[in-house]
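Comments concern the structure below.
2 protein chains.
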Amino acid sequence: MAHTKIKNDITVQVTDSFWKRYMDVVRKEVIPYQWEALNDRIPGAVPSRAIQNFKIAAGEEAGEFHGFVFQDSDVAKWLEAAAFSLENEPDEALEKAADEVIALIGRAQQEDGYLNTYFTVKEPDGRWSNLRDQHELYCAGHMIEAAVAYYQATGKRALLDMMCRFADYIDQVFGREEGKIRGYDGHQEIELALVKLYDVTGNEKYLKLSQYFIDERGQQPHFFDQEKEKRQEDRPFFWNESYGYHQAHVPVREQKKAVGHSVRAMYMYTAMADLALKLGDSTLKKACEDLWGNVTSKQMYITAGVGSMEFGEAFSTDYDLPNDTAYTETCASIGLVFWAQRMLHLQADSKYADVMERAIYNGTISGMDLDGKKFFYVNPLEVKPDACSHRQDHHHVKPVRQKWFSCACCPPNLARLISSIGHYMYTVQQDELYVHLYAGNQADVQLNGQKVKIDQQTSYPWDEQVNVTVTPEQEKAFTIALRIPGWSKGAQVQVNGEKVEYESLVKNGYIYLERTWKKGDQIDLIFPMPVEKIRANPKVKENAGRMALQRGPIVYCLEEADNGQELSSIKIAGDAEFRSSFQPDVLGGVVVIEGEGVRESGDSWEDTLYQPVQKQSAPVSVKAIPYFAWCNRQPGEMVVWIREGN
Amino acid sequence: MAHTKIKNDITVQVTDSFWKRYMDVVRKEVIPYQWEALNDRIPGAVPSRAIQNFKIAAGEEAGEFHGFVFQDSDVAKWLEAAAFSLENEPDEALEKAADEVIALIGRAQQEDGYLNTYFTVKEPDGRWSNLRDQHELYCAGHMIEAAVAYYQATGKRALLDMMCRFADYIDQVFGREEGKIRGYDGHQEIELALVKLYDVTGNEKYLKLSQYFIDERGQQPHFFDQEKEKRQEDRPFFWNESYGYHQAHVPVREQKKAVGHSVRAMYMYTAMADLALKLGDSTLKKACEDLWGNVTSKQMYITAGVGSMEFGEAFSTDYDLPNDTAYTETCASIGLVFWAQRMLHLQADSKYADVMERAIYNGTISGMDLDGKKFFYVNPLEVKPDACSHRQDHHHVKPVRQKWFSCACCPPNLARLISSIGHYMYTVQQDELYVHLYAGNQADVQLNGQKVKIDQQTSYPWDEQVNVTVTPEQEKAFTIALRIPGWSKGAQVQVNGEKVEYESLVKNGYIYLERTWKKGDQIDLIFPMPVEKIRANPKVKENAGRMALQRGPIVYCLEEADNGQELSSIKIAGDAEFRSSFQPDVLGGVVVIEGEGVRESGDSWEDTLYQPVQKQSAPVSVKAIPYFAWCNRQPGEMVVWIREGN
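Chain order of the listed sequences is R and C. Heads up: the first sequence runs through residues 77 to 722, numbered per this note's numbering. Heads up: the second sequence runs through residues 77 to 722, numbered per this note's numbering.
Right under this line is the structure:
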């Protein structure tokens with residue numbers, strides 16, 4: 077069993093103006109706000125009661141459990157986000173709050189290691205009686221992730237030790253051995269968390285437990301049927317009576333097409349890729365590749381949103397990508413980032429990094445407004461506010477971000493992604509350093525035992541230039557593999573001012589620069605960023621006759637604030653020219669795209685609905701803004717896929 | 077109070093090849109099949125139990141009530157369809173079956189006149205306890221309509237007398253007087269039925285009762301709140317907690333915009349128009365006109381389907397007309413025909429007849445397959461079968477017609493509409509005969525006491541020629557007002573071979589031919605029928621960049637059977653030329669439209685979803701068939717709104 081260390085080889089200090097701004101927002105706004113929310117101190121918001129639940133479980137307060145069965149995970153995700161934030165920027169008060177909550181968690185943990193405030197407070201005899209619905213192992217997984225992150229950020233072992241105790245207990249409860257429950261969780265999460273726990277502890281028990289959960293999933297006789305019978309429950313399962321909702325309809329290696337709840341799917345595929353790597357399991361790797369192909373070439377929005385259906389917050393079917401009823405949960409895009417990262421660990425192929433980049437600049441951060449105070453759970457690609465308020469089949473699509481959700485999964489999930497964005501930029505494999513993302517940062521990397529400093533300077537994603545300074549402790553031969561973004565054409569590379577003819581050095585979308593590097597070596601990259609008109613595969617009926625604008629990794633949209641109402645009346649010619657310019661005062665500083673189109677006029681229509689007439693149109697100036705930044709001004713219509721035509 | 081007779085002045089014998097075929101299908105297939113269904117003799121179908129319920133209520137069988145609370149109305153609608161069918165074509169066996177079921181209904185009727193098998197069998201103490209949900213007056217209304225139709229068709233009074241007894245009882249129960257229930261039904265229907273009962277009996281009590289129900293609706297304190305409190309029910313009403321679902325949110329005269337359940341709305345607006353006429357009530361007329369304007373210029377599909385939302389089978393909001401999730405229930409289009417007819421009675425304006433015609437040739441009959449064996453409840457304007465089977469928000473859209481529904485409202489409703497199609501062709505007002513629809517028929521009309529025979533010969537809707545022979549008993553001066561269809565341009569009119577310059581004779585879309593008519597006078601009409609490319613108001617986002625094909629009153633669609641899969645890849649130029657030809661072997665004989673378009677190719681796309689490329693397209697022949705006849709061959713995709721482009 078190969079113990080492939082990845083993260084511990086790299087420390088990244090993010091200096092990037094794009095991400096630093098987001099990280100500051102998370103540190104200054106989101107994490108403190110969420111702390112207040114978890115403690116029920118936000119006037120007017122639905123109380124979370126998440127901290128109170130722990131106090132009650134610890135026997136320190138009286139009262140009832142409140143919230144969802146997975147309420148504990150909100151605390152876990154907050155702790156993990158706090159840990160990542162501390163990694164970037166020490167903050168004594170935050171660390172103190174975290175330490176206190178960790179101590180509280182310790183007091184709520186049961187003698188045998190079990191931790192779950194819902195069952196401890198509300199159903200003490202109900203432990204493990206409904207794995208399908210009750211999220212016990214899901215909550216455990218999030219707390220394990222938090223423990224690993226907090227340990228890595230602070231060196232403090234308290235939560236890690238508690239979670240090892242919990243994981244040891246889980247290992248005694250679950251498995252194929254006589255007397256154990258031969259089951260697995262309805263919401264995958266523990267699987268990827270156990271791999272992380274293995275990574276920091278080196279204890280193979282955790283890896284094997286994760287492997288057990290993945291291998292057992294979907295086997296017959298079906299565990300969810302068995303436990304349901306035990307509960308004497310006879311209702312059919314809500315989601316078409318199918319365990320495809322939990323990706324437990326068939327064993328994971330037989331799954332070729334993404335189905336079911338998209339966040340569950342993403343977390344499971346992440347763990348599968350982890351295990352495929354750690355265990356050298358080629359059948360699991362093949363399943364990951366098949367599923368990746370299905371998701372990214374048949375079921376993914378241009379924003380890297382996944383889950384096109386509100387019912388079950390789920391995948392639907394190939395090429396079914398409606399823009400105005402999309403579910404595209406923020407958490408699902410975040411999960412896609414996790415999965416893409418693990419696929420990159422399995423194989424350095426830019427197709428994985430391309431999707432990861434597409435997700436981090438579009439479908440994830442669209443979930444939060446620019447000042448970190450309001451959030452989208454659902455990230456539609458087209459919004460007409462009137463339809464959202466009148467149509468039940470649009471009721472999940474909110475035309476404006478919300479302050480806080482009673483089901484508060486997305487905001488802390490986004491906080492932990494943004495705070496840990498540095499983790500996604502590089503990987504090291506032996507003497508190869510892979511650069512997956514371009515963003516200002518200073519990284520300390522261990523390459524075959526040698527320390528190398530990497531300094532990236534760039535105004536990405538707005539500017540085409542990236543400058544990388546390489547500073548090995550000593551002159552040394554190693555490889556720097558630079559990703560050529562999938563959207564880029566005509567990339568230029570110089571090393572120390574000399575142009576590199578890289579065509580022969582490219583493998584799977586990376587330029588392999590193998591040389592003896594010395595202090596201060598300079599790599600200069602240019603990735604030209606014209607405005608691209610993107611079309612969708614003709615099988616996607618919703619995007620027929622439409623195009624989306626993309627510049628660099630950023631997907632654009634039209635908003636009512638810039639273009640007036642009835643965005644579907646606007647057409648842009650297939651050969652239209654666009655101007656792009658960085659506008660520091662717009663939406664916190666973004667590149668805005670401007671050009672000319674036409675707008676069909678409704679003037680002559682008055683009160684008619686249908687007429688045998690050509691529509692009249694008049695020239696109109698069109699302004700597009702980055703999709704992630706939509707809905708930061710007055711609310712209104714928004715559209716990503718713009719009609720093409722003269 | 078003016079007692080305006082309309083129907084009794086006219087007897088129509090339909091000879092039209094289009095409608096005669098449908099009427100024969102209804103007579104030979106639909107009515108017998110439904111009779112078997114009502115008697116639970118269809119193998120494999122969900123048993124209706126509707127007749128059995130009456131037997132149990134009559135004390136002639138033991139057992140439980142089965143079916144919906146409005147199961148009785150299936151029997152009523154069947155009886156009404158049978159009556160209309162007998163009016164056209166005597167059928168001894170059918171009349172015998174009808175007489176027997178009428179006798180059974182008589183035995184199930186209670187001493188006090190009450191009739192409802194659900195309450196008699198299942199909740200004898202529950203009468204009138206939940207008007208909002210339980211459809212008692214709705215069922216009464218349908219049985220009254222059946223009684224009127226059966227009386228008019230056969231002269232037999234048995235059911236009519238029973239229903240007068242029931243109506244008399246209802247009149248004692250409901251009203252503003254002390255001791256009466258000051259309420260009204262959750263599903264409007266009794267209101268229009270009582271007007272019919274008044275028409276045949278001349279008893280003003282029924283008209284006043286109808287007026288009471290309409291006037292009381294939506295008044296405060298709200299009856300549904302009061303009866304709910306009485307039931308000690310505290311659940312909020314499912315539909316956004318709003319009585320807009322029942323068009324009872326405000327008094328009817330304050331309603332300007334169609335909301336709520338679309339069939340309820342249509343039935344209510346029909347009764348409102350009836351009452352406006354019979355009572356000479358101008359405020360009610362104004363409300364009808366406002367609602368008509370809203371429905372037909374903001375909320376109606378090109379097929380005259382109404383109700384764009386599955387949730388509540390309801391109207392949503394102005395210009396919200398999605399094609400693939402439309403509800404557009406067959407019954408709602410049928411209700412729109414009723415309403416349009418009543419608006420015509422109020423005022424002869426072709427805008428009402430245009431919508432009536434649009435509905436009868438498109439959104440109503442699309443609800444039945446050509447051989448009368450299978451039915452659509454929902455009539456979508458775009459179908460992709462894969463989406464219907466995978467997306468919960470499309471679950472109401474069936475890609476193929478169904479044999480019979482457990483909620484079997486639409487098939488008998490369609491049967492009664494088709495069987496009575498002759499009722500919609502003419503109206504008489506004093507010495508004016510209005511010709512609203514063109515179809516082969518022989519009509520006997522009473523014009524100011526004079527008998528006039530009208531003989532229409534036409535192959536409408538396929539052919540542009542209509543020949544009308546006028547045969548008054550004696551030479552006499554009167555007016556024939558001929559509708560110019562809204563879709564028609566350049567209509568030509570001749571009387572006895574002489575061209576009529578009619579521009580100065582037109583009022584509200586009718587040509588008023590006022591002259592002394594003699595036996596055998598001949599009116600020849602030509603309504604040129606080129607293929608029209610119809611565009612939708614730019615406010616309808618779903619139809620942006622699309623056009624629909626229409627020829628005469630018939631709306632066309634593309635089907636996979638003719639045009640292959642991925643209909644959204646097909647584009648037709650805005651100036652494309654089309655050929656149309658009657659094809660006797662296609663779909664029972666229809667005009668087919670053919671032309672050239674282009675198809676975007678997916679060949680170069682392979683497994684990519686998004687690319688910055690122009691799409692490749694190749695010429696393709698396009699064949700369109702009448703929308704009403706779709707899904708009569710192999711199942712597949714269908715689209716009404718075709719992409720426009722080169």
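We put the CB at the ideal spot given by N, CA and C, even for glycine.
Is there a Cβ from chain R that is less than 8 Å from the Cβ of residue i?
i              : result
A620 (chain C) : yes
G381 (chain C) : no
K689 (chain C) : First, the residue type needs correcting, since residue 689 (chain C) is Val and not Lys in the sequence shown. By this cut-off, V689 (chain C) is an interface position.
A612 (chain C) : yes
K69 (chain C)  : The structure shown does not extend to residue 69 (chain C), since chain C is modelled only from 77 to 722, so the question has no answer here.
Check whether the Cβ atoms of residue i and residue j lie closer than 8 Å to each other.
i              : j              : result
S677 (chain C) : A694 (chain C) : yes
A133 (chain R) : V90 (chain R)  : no
M238 (chain R) : Q185 (chain R) : yes
Y194 (chain C) : F141 (chain C) : yes
L420 (chain C) : T545 (chain C) : no
P614 (chain C) : K647 (chain R) : no
V582 (chain R) : V576 (chain R) : no
A222 (chain R) : E156 (chain R) : yes
V511 (chain R) : R559 (chain R) : yes
With burial defined as no fewer than 16 other Cβ atoms inside 10 Å of the residue's Cβ, what is the status of residue i: buried or exposed?
i              : result
F250 (chain R) : buried
F314 (chain R) : exposed
V631 (chain R) : buried
P200 (chain C) : exposed
T406 (chain R) : buried
S580 (chain R) : exposed
E168 (chain C) : exposed
R103 (chain C) : buried
P297 (chain C) : exposed
Whose C-beta lies closer than 8 Å to the C-beta of residue i among residues of the same chain, with five residues either side of it excluded?
i              : result
L422 (chain R) : A349, A352, L353, K361 and C364
Q526 (chain R) : P548, E549, Q550, K552 and F554
So with CB distances below 9 Å, who are the chain C contacts of residue i?
i              : result
W796 (chain R) : Outside the displayed span of chain R (77 to 722) sits residue 796 (chain R), for which this structure offers no information.
D396 (chain R) : K460, D462, A463, H466 and R467
If the cut is a Cβ gap below 7 Å, which residues of chain R does residue i touch?
i              : result
M376 (chain C) : L685
K617 (chain C) : K460 and S644
Can you find the residues in the same chain that come closer than 7 Å, C-beta to C-beta, to residue i, ignoring five residues on each side of it along the sequence?
i              : result
C633 (chain R) : A700, I701, Y703, W706, M714, V715 and V716
V696 (chain C) : I646, G673, V674 and R675
How would you list, in chain order, the residues of chain R whose beta-carbon sits under 9 Å from the beta-carbon of residue i?
i              : result
T393 (chain C) : D462, A463, S465, H466 and R467
Ignore the nearest five residues each way along the sequence and tell me which others in residue i's own chain have a CB closer than 6 Å to its CB.
i              : result
M77 (chain R)  : Caution is warranted here: a pLDDT of 31 is assigned to M77 (chain R), below 50, making its placement in the model unreliable, and the coordinate value is therefore given only provisionally. Around M77 (chain R): no qualifying Cβ.
V145 (chain R) : Y194, Q210 and H211
Answer yes or no: does any C-beta atom of chain C fall closer than 8 Å to that of residue i?
i              : result
M238 (chain R) : no
S373 (chain R) : yes
W681 (chain R) : yes
G650 (chain R) : yes
K354 (chain R) : no
G721 (chain R) : yes
Kindly list, in the order they appear in chain C, the residues whose Cβ is closer than 7 Å to that of residue i.
i              : result
T401 (chain R) : D469
E608 (chain R) : P688
So which residues on chain C does residue i lean against when the C-beta distance must stay under 8 Å?
i              : result
M385 (chain R) : H466, R467, Q468 and D469
D116 (chain R) : Near D116 (chain R) there are no residues of chain C at all, since even the closest Cβ is about 27 Å away, more than 8 Å.
Below 8 Å on C-beta distance, what does residue i contact in chain R?
i              : result
E676 (chain C) : P614 and A620
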